[in-house]
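*Asks:* Just so we're aligned, residue 382 is where the sequence shown starts under this note's numbering, counting upward by one. Sharing a structure with you now.
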Amino acid sequence: MQRPPRLHLFVCANRRDDSPLGPGCGERGDALYDALKAEVAARGEHTTTWVTKTHCLGLCPKRGATVARYPGSEPILSDVEVADVTALLGPTSDGGAPPGWEEIDRELLAVEELQSTKVLDLARRLKPGLTLEDVQNPHDFPELDDSDWHYADGILTGMKSVSSAMRALRLRRKD
Numbered sequence: 382m383q384r385p386p387r388l389h390l391f392v393c394a395n396r397r398d399d400s401p402l403g404p405g406c407g408e409r410g411d412a413l414y415d416a417l418k419a420e421v422a423a424r425g426e427h428t429t430t431w432v433t434k435t436h437c438l439g440l441c442p443k444r445g446a447t448v449a450r451y452p453g454s455e456p457i458l459s460d461v462e463v464a465d466v467t468a469l470l471g472p473t474s475d476g477g478a479p480p481g482w483e484e485i486d487r488e489l490l491a492v493e494e495l496q497s498t499k500v501l502d503l504a505r506r507l508k509p510g511l512t513l514e515d516v517q518n519p520h521d522f523p524e525l526d527d528s529d530w531h532y533a534d535g536i537l538t539g540m541k542s543v544s545s546a547m548r549a550l551r552l553r554r555k556d
């Protein structure tokens, strides 16, 4: 079974003659499709980025063509032109990070720091003066045998596991 692509683009190349809806994407869509296929081939990403020519996607732009993108925060793009090919494809898969890795790392770190502060604050309410290193060894402090503290510490452990899994996934994607 083949793995799904990192990105799948559907490019409208529909042609309409004498239609009140407009002429369709036609030649502009064909040109965009050809440019995308050429760039994907040049990058060697034909197994991770798929480009498919389609008929009408429901929007007839005044310039360029309509493109459906999966996955994507904006699934339908209108007025896409050949000059937009590089931006549409995003970073290369040969070592370039997929879109969003840096943002994900920053968010995970920020959430971890928040939860770590919460865990330490809860621990200090139970036994004043504890350090972050102390709470990493809760068995040394009977005062930390508290369900609320254990719950907060478990959440922190889960967050660290997610961060670790995301970093491992990022490294695997680079290979």
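We put the CB at the ideal spot given by N, CA and C, even for glycine.
For the alpha helix (DSSP H) that D515 lies in, which residues bound it at each end?
*Replies:* For this step, residue 515 is matched to residue 134 along the sequence shown. Taken as a continuous stretch (DSSP letters only), the alpha helix (DSSP H) holding D515 covers 513-516.
*Asks:* Would a C-beta distance cut-off of 7 Å place R409 and G445 closer than the cut-off?
*Replies:* Within the sequence shown, the letter at position 28 stands for residue 409. Within the sequence shown, the letter at position 64 stands for residue 445. Result yes, Cβ atoms of R409 and G445 sit closer than 7 Å.
*Asks:* Using only CA atoms, which one of L390, A533, T429 lies nearest to T498?
*Replies:* On the sequence shown, position 117 is the one that residue 498 refers to. Checked all of L390, A533, T429; the closest Cα to T498 is A533.
*Asks:* Give the straight-line distance between the Cα atoms of A412 and A546, rounded to the nearest whole angstrom.
*Replies:* As a working mapping, residue 412 is identified with position 31 in the sequence shown. As a working mapping, residue 546 is identified with position 165 in the sequence shown. If you take the alpha carbons of A412 and A546, they lie about 40 Å apart.
*Asks:* Alpha carbon to alpha carbon, what distance is there between G439 and P401?
*Replies:* Translated into the one-based positions of the sequence shown, residue 401 becomes position 20. Translated into the one-based positions of the sequence shown, residue 439 becomes position 58. Each residue's alpha carbon lies about 14 Å from the other.
*Asks:* Helix or strand or just coil, what does DSSP make of R397?
*Replies:* For the purposes of this step, residue 397 is taken as the residue at position 16 of the sequence shown. The answer is coil: DSSP assigns R397 none of H, G, I, E or B.
*Asks:* Looking at D527 and L501, is the spacing between their C-beta atoms short of 7 Å?
*Replies:* Taking the sequence shown and counting its residues from 1, the one referred to as residue 501 is at position 120. Taking the sequence shown and counting its residues from 1, the one referred to as residue 527 is at position 146. No.
*Asks:* In angstroms with no decimal places, state the Cα-to-Cα distance between G476 and K555.
*Replies:* Within the sequence shown, numbered from 1, the residue matching residue 476 stands at position 95. Within the sequence shown, numbered from 1, the residue matching residue 555 stands at position 174. For G476, the predicted structure reports a pLDDT of 49, less than 50, and the residue's modelled location is therefore unreliable. A value from the coordinates is still provided. When rounded, the distance between both Cα atoms is 5 Å.
*Asks:* Could you tell me if L495 is buried or exposed, where buried requires 16 or more neighbouring beta carbons within 10 angstroms of its beta carbon?
*Replies:* As a working note, residue 495 is residue 114 in the sequence shown. L495 is exposed by the Cβ-count criterion.
*Asks:* Could you please give the first and the last residue of the uninterrupted alpha helix (DSSP H) stretch that includes S545?
*Replies:* Numbered from its first residue, the sequence shown carries residue 545 at position 164. Counting along the chain, the alpha helix (DSSP H) containing S545 begins and ends at 528-555.
*Asks:* Taking A416 as part of the beta strand (DSSP E), name the residues at either end of that continuous run.
*Replies:* The residue you call residue 416 lines up with position 35 of the sequence shown. Here A416 belongs to no beta strand (DSSP E); instead the alpha helix (DSSP H) covers 407-424.
*Asks:* Could you give the first and the last residue of the continuous beta strand (DSSP E) run that contains K434?
*Replies:* Residue mapping note: residue 434 aligns to position 53 of the sequence shown, counting from 1. It spans 430-435 - the beta strand (DSSP E) in which K434 sits, taken as one unbroken run.
*Asks:* For the candidate residues W431, C441, D399, whose alpha-carbon lies nearest to that of F391?
*Replies:* By one-based count along the sequence shown, residue 391 stands at place 10. Cα-wise, what sits closest to F391 is W431.
*Asks:* Measure the C-alpha to C-alpha separation of A478 and R384 and round it to an integer number of angstroms.
*Replies:* Within the sequence shown, the letter at position 97 stands for residue 478. Within the sequence shown, the letter at position 3 stands for residue 384. The pLDDT assigned to A478 is 45, lower than 50, so where the model puts this residue is not dependable; a value taken from the coordinates is nonetheless given after this. Each residue's alpha carbon lies about 19 Å from the other.
*Asks:* Please report the straight-line C-alpha distance between L490 and K443, rounded to a whole angstrom.
*Replies:* For this step, residue 490 is matched to residue 109 along the sequence shown. For this step, residue 443 is matched to residue 62 along the sequence shown. Near 44 Å, if we compare the C-alpha coordinates of K443 and L490.
*Asks:* If I follow the unbroken alpha helix (DSSP H) through D502, where does it start and stop?
*Replies:* Within the sequence shown, residue 502 is the residue found at index 121, counting from 1. D502 -> alpha helix (DSSP H) spans 482-507.
*Asks:* Throw me the rounded Cβ distance for the E493 and S544 pair, which I believe falls under 8 Å.
*Replies:* For the purposes of this step, residue 493 is taken as residue 112 along the sequence shown, with counting starting at 1. For the purposes of this step, residue 544 is taken as residue 163 along the sequence shown, with counting starting at 1. Their Cβ separation, rounded to whole angstroms, is 6 Å, which keeps E493 and S544 in contact under 8 Å.
*Asks:* Measure the Cβ-Cβ separation of C441 and G407 and say whether it is below 7 Å.
*Replies:* The residue given as residue 441 occupies position 60 in the sequence shown. The residue given as residue 407 occupies position 26 in the sequence shown. Against a cut-off of 7 Å, the Cβ pair of G407 and C441 comes out as no contact.
*Asks:* Return the chain-ordered list of same chain residues with a C-beta closer than 6 Å to the C-beta of P519, the five sequence neighbours on each side being excluded.
*Replies:* Taking the first residue of the sequence shown as position 1, residue 519 is located at position 138. Closer than 6 Å at the Cβ level, and outside the excluded window around P519, lie L525.
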